[in-house]
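Asks:
Numbering (mature numbering (1 follows the signal peptide of the UniProt record, and there is no 0)), first residue to last: -27 to -1, 1 to 672.
#1: CB-CB under 6 Å to residue 650, same chain, minus the five flanking residues each way: which ones, in chain order?
#2: At the level of alpha carbons, what is the spacing between residue 538 and residue 648?
#3: Per DSSP, residue 182 forms a beta bridge with which residues?
#4: Measuring alpha carbon to alpha carbon, tell me which of 365, 421, 354 ends up nearest residue 385.
#5: Have a look at residue 152 and residue 165 and give me their C-alpha separation to the nearest angstrom.
#6: Excluding sequence positions up to five away, which residues of its chain have a Cβ less than 6 Å from the Cβ of residue 29?
#7: Need the endpoints of the alpha helix (DSSP H) that residue 436 sits in, please.
#8: Quick one: using the 10 Å Cβ neighbour count with 16 as the cut-off for buried, is residue 111 buried or exposed?
#9: Which residues mark the beginning and the end of the alpha helix (DSSP H) in which residue 610 is found?
#10: Excluding five sequence neighbours on each side, which residues of the same chain lie with their C-beta closer than 8 Å to the C-beta of residue 144?
#11: The alpha helix (DSSP H) spanning residue 115 covers which residue range?
#12: Counting only the same chain and skipping the five closest in sequence on each side, list residues whose C-beta sits under 6 Å from that of residue 379.
#13: For residue 324, which residues from the same chain have a beta carbon less than 7 Å from its beta carbon, with the 5 sequence-adjacent residues on both sides left out?
#14: How should residue 40 be labelled, buried or exposed, when 16 other C-beta atoms within 10 angstroms of its C-beta is the threshold for buried?
#15: Who are the near neighbours of residue 485 in its chain, counting only those whose CB is closer than 7 Å to its CB and skipping five residues on each side?
#16: Roughly how many angstroms separate the alpha carbons of residue 635 and residue 69, rounded to a whole number?
#17: With the cut-off set at 7 Å, would you say residue 597 and residue 541 are in Cβ contact?
#18: For residue 219, which three-state DSSP category applies?
#19: Anyone know if the C-beta pair for residue 191 and residue 168 falls short of 7 Å?
#20: At what residues does the alpha helix (DSSP H) containing residue 151 begin and finish?
#21: Below 8 Å on the Cβ atoms is my contact criterion, and I expect residue 428 with residue 361 to pass it. Report the Cβ-Cβ distance as a whole number of Å.
#22: Just how far apart, CA to CA, sit residue 194 and residue 220?
#23: For residue 268, which residues in the same chain have their Cβ closer than 7 Å to its Cβ, ignoring the five residues on either side in sequence?
#24: Starting from residue 122, trace the beta strand (DSSP E) both ways and give me its first and last residue.
#25: Could you please give me the residues that DSSP links to residue 189 through a beta bridge?
#26: To which residues of the same chain is residue 60 closer than 7 Å at the C-beta, ignoring the five residues directly before and after it?
#27: If you reduce the DSSP assignment to three classes, tell me which class residue 52 lands in.
#28: Taking the straight line between their C-alpha atoms, what separation do you get for residue 106 and residue 624?
#29: Which of the three DSSP states, helix, strand or coil, is assigned to residue 208?
#30: If you draw a straight line from the C-alpha of residue 52 to the C-alpha of residue 238, how long is it?
#31: Using a Cβ-Cβ cutoff of less than 7 Å, which residues in the same chain neighbour residue 37 once the five nearest sequence positions on both sides are dropped?
#32: Need the endpoints of the beta strand (DSSP E) that residue 142 sits in, please.
#33: Evaluate residue 504 with the Cβ neighbour count: other Cβ atoms within 10 Å of its Cβ, from every protein chain shown; 16 or more gives buried, anything less gives exposed.
#34: Any idea if residue 180 is buried or exposed, counting beta-carbon neighbours within 10 angstroms, 16 or more meaning buried?
#35: Measure the C-alpha to C-alpha separation of residue 18 and residue 148 and round it to an integer number of angstroms.
#36: For residue 138, does the count of other Cβ atoms within 10 angstroms reach 16, so buried, or fall short, so exposed?
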């Protein structure tokens, strides 16, 4: 009855999540016609209140950065040597951690905007430009760099497109800094912008900005072209050897919007031409989610059959009891990567749950990265406690517990700082400032270390208070099997049978175990990769779908690992052979330092050490613990192969440094996924063996 009630509760929760997703998804659709004007509602707008303007109020325009889909190196807008520099009274804005990591550099600008006041033509400056600056402008234009400006705190400047199918317009964030003539190959600098700012009227003298359209043009002089098409464009002459003056002008027009109020100001960015934004894309997400639920249902049916069969299989239950207490090679390393994986899983799920829970608040999406970093750091407590619980023995060394909590943040910080030197060499805004580096290092040493110690102390207390009884029903009992004595039973087990090749071979095990989990996450992975790497100006908004699909992925990973573990039980292949150095021929033993007096002796010592390590590695990988871990983490290899496919066939990166950054960051992410899903599979199998062991004790 208890298991039935648990299953009913899980089904009800899952149905409620789906209903919430449907309501959240349908909230983006909006019927035609002007909305009903009403007063400000904090529950509708969230904690970000709209800025209300009346005619003549000053509206500040912020310039940010330029970036391209063809490279991974954005630059600050005011760092460009061919752009009008700011006046002395203009200052940079303070940035959040999320904005710093994304490479933002927000500055006040000299564009004079007054609400409701049109400007036919305004002259910004005549930029004195050196020949080298012209070459830099030509390079950036040919690499399709886009400029990013902001008004009204968070409304990005957008390029407007019109769909050929229904004539509706949609936005993409940013606008090109220039254009290249496909016929002549000449580059033209966009030195004039027509700014069209759309506003919504809530009440008399209460207007909100809901759109910021930029129409850039290239003009050879300081006369604004307006709507005319008969003007000469400003061509960049890279062979120029003298100083050049580039005229910069702008026009401003204010237009009222009747169909989108402030709370729906992002509607034009959510077009079906953009990945993951349209009504058809939402339907595609729902179809993919239904397919994933079907896959989970099929896998759950197989696992249910496994549980039903194992309940009546006494020898398997006794075998599971003996397996859960036997040791294996590289157990310390296994516990370490398991703790690292749980820390990453805690960061991903924690940040997504917080984002989805506060989805109604407008600015929460801007803090996704910051939330993930905070969860990642505070996950050190959970990973340290888990590593200490899994380690054999009553008292575990404090240094191992600290390593469990600090290994993954330390590795991530080391990789990020190493790659940051490449970005520094390119003088890109993606380079972390010195203050941010100090903040991250302080978070690592000041927060991760003490949290790891607290996690270790908590785990030690749990171990000390835990009563190891045969009928122990503690929810953490499956993590404490290493404290038990090896199981002794008079049950005669069948002799080990030869494993099938798809389980015996690590490569085949990876291919067979990772296929189903990869199918579950493939669609969301496609949209996330496009948003992060291919189309940086797009917005990824479907965090609810991403959260549900990751939960389904975790379920499938756990079920695949359980099936592999049950097959190992059926073939009686634990692989729990402890490697002893005395079992090796004396010629293969490592030489002492006293004998390493020649280069030949050193070579022999290194070779023999590698032979010993290889033999231990083969024996360790044959253990049921490592096989279950590899089965769970096999989806990470599919993610790595997809990353390489995306690099070769989808992205169009032109410089080697961008390729290095992409490969290193995706490899680091996939390594974290390998640890996370491998640890999930391993812990699921530990729980499964503990469950079978409890069945063996039943009369």
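Ideal Cβ placement from N, Cα and C applies to all residues, glycine included. Please read these numbers as outputs of a predicted model, since none were measured by experiment.
Replies: Based on what the coordinates show:
#1: Contacts found: 530, 605, 606, 608.
#2: Answer to the nearest angstrom: the Cα atoms are 18 Å apart.
#3: Per DSSP, 172.
#4: It is 421 whose Cα lies nearest to the Cα of residue 385.
#5: CA-CA distance, residue 152 to residue 165, rounds to 13 Å.
#6: Same-chain partners within the cutoff: 87.
#7: Counted as a single uninterrupted DSSP element, the alpha helix (DSSP H) harbouring residue 436 occupies residues 422 to 438.
#8: Buried: at least 16 other Cβ atoms inside 10 Å.
#9: Per DSSP, the unbroken alpha helix (DSSP H) holding residue 610 starts and ends at 608 to 618.
#10: The answer, listed in chain order, is 131, 132, 133, 134, 184, 186, 241, 242, 244.
#11: For residue 115, the enclosing alpha helix (DSSP H) has its first and last residue at 104 to 115.
#12: Hits under 6 Å: 421, 425.
#13: So the list reads 341, 344, 345, 348, once near-sequence residues are dropped.
#14: So residue 40 counts as buried.
#15: Same-chain partners within the cutoff: 475.
#16: Approximately 24 Å between the Cα atoms of the pair.
#17: The beta carbons of residue 597 and residue 541 sit closer together than 7 Å.
#18: Taken through DSSP and simplified to helix, strand or coil, residue 219 comes out as strand.
#19: Cβ distance not < 7 Å, so residue 191 and residue 168 don't count as in contact.
#20: Following the DSSP letters along the chain, one finds residue 151 in no alpha helix (DSSP H) but inside the beta strand (DSSP E) bounded by residues 151 to 153.
#21: About 7 Å separates the two Cβ atoms, so the contact holds.
#22: A straight line joining the alpha-carbon of residue 194 with that of residue 220 spans about 6 Å.
#23: In the same chain as residue 268, and ignoring 5 residues on each side of it, the C-beta atoms closer than 7 Å to its own belong to 489, 492, 493, 529, in chain order.
#24: Unbroken beta strand (DSSP E) run through residue 122: 119 to 124.
#25: The beta-bridge partner set that DSSP reports for residue 189 consists of 166.
#26: Only 83 meet the Cβ criterion.
#27: Three-state result, residue 52: helix.
#28: Each residue's alpha carbon lies about 28 Å from the other.
#29: Here DSSP, grouped into helix, strand and coil, assigns residue 208 to strand.
#30: About 30 Å.
#31: The residues 50, 77, 78, 79, 121, 122, 123, in chain order, have a CB closer than 7 Å to that of residue 37 in the same chain once the five nearest residues on each side in sequence are set aside.
#32: Residues 142 to 146.
#33: It counts as buried.
#34: Under this definition residue 180 is a buried residue.
#35: Bear in mind that the predicted position of residue 18 carries a pLDDT of just 47, short of 50, making it unreliable; the figure below should be weighed with that in mind. Straight-line Cα distance between these residues: approximately 28 Å.
#36: Under this definition residue 138 is an exposed residue.
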